[in-house]
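Take a look at the structure set out below.
Numbering (this note's numbering), first residue to last: 12 to 272.
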């Protein structure tokens, strides 16, 4: 479950987002909707323990924010986020998978298990790829395909698969519908719905949320939507504040800080 009450972040040059309030049970598909520069990615990073919120409180999988950042990071995995966890364009798909598996070994798996054909790590990689819908044999050079040569939806699937290798309780995906054609967008949401249906809570940044998602808006919202369909109207003062010119500058500064960290 993820809950937030009056959750907000003040950046070096102003407010990034504020008054985010919602409740979503485990296994929900949560769409963080808003225009670019409205603090969507910063909210995503704050709810996954990568940024420290400055206002309000939240709870992720029973862990409190902003107090338990490290604990939340252990249960929440990031898909590709520009400047934070993006794909390396020079690495191949196979190299990305092996690198992530090696990082897992460093923090708790054996090298023997990693290298053994049919071992636990190999099974875990196969499961993650299947769940993300990425068929290596369909790529131009199979696993030797460079990340720079992936189509946008394929790159999204790879970033999602890498995040799923840790079997997280919460999966965070940035720019879900960015540069996707309508049919590709629907396939991306179908992938995330499937992950949520298996019990993983999905946080997905987007410009337009699907109708079946729990919607959290960061920019000029008329209301914040709860999992039960209830919408809490913001007062006129808060609606006006969401047009504040400091939003985009504050988001950029806070995002840069997260990347450097």
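Glycine is no exception: its CB is placed at the ideal position from the N, C-alpha and C atoms.
Within the region 127-161, the complete alpha helix (DSSP H) segments at least 4 residues long are 131-143, listed from N- to C-terminus.
In the pairwise beta carbon analysis, the region 71-83 is classified as not touching the region 135-144: fewer than three pairs are separated by under 8 Å. Under DSSP, residue 163 forms no beta bridge with any residue. In the structure shown, residue 95 falls within a coil segment according to DSSP collapsed to helix, strand and coil.
In this structure, DSSP gives residue 171 a helical state, which the three-state scheme calls helix. Shown here, residue 88 sits in a strand according to DSSP, grouped into three states. Here the region 43-51 makes contact with the region 18-34; the two share three or more CB pairs at distances below 8 Å. For the 8 Å CB-CB criterion, residue 112 and residue 132 form a contact. In the structure shown, residue 115 adopts helical secondary structure according to DSSP, grouped into three states.
The beta-carbon distance between residue 88 and residue 71, rounded to whole angstroms, is 12 Å. This is too long to meet the 8 Å contact definition. Along the length of the region 182-221, whole beta strand (DSSP E) runs at least 3 residues long occupy 212-217, reported in chain order. Counting other Cβ atoms within 10 Å of its Cβ, residue 225 reaches 16 or more and is therefore classed as buried. With respect to the 8 Å criterion, residue 175 and residue 182 are classified as neighbours on the basis of their beta carbons.
Between the alpha carbons of residue 196 and residue 50 lies a gap of roughly 22 Å. Note on residue 136: 16 or more other CB atoms within 10 angstroms of its CB, so buried under the neighbour-count rule.
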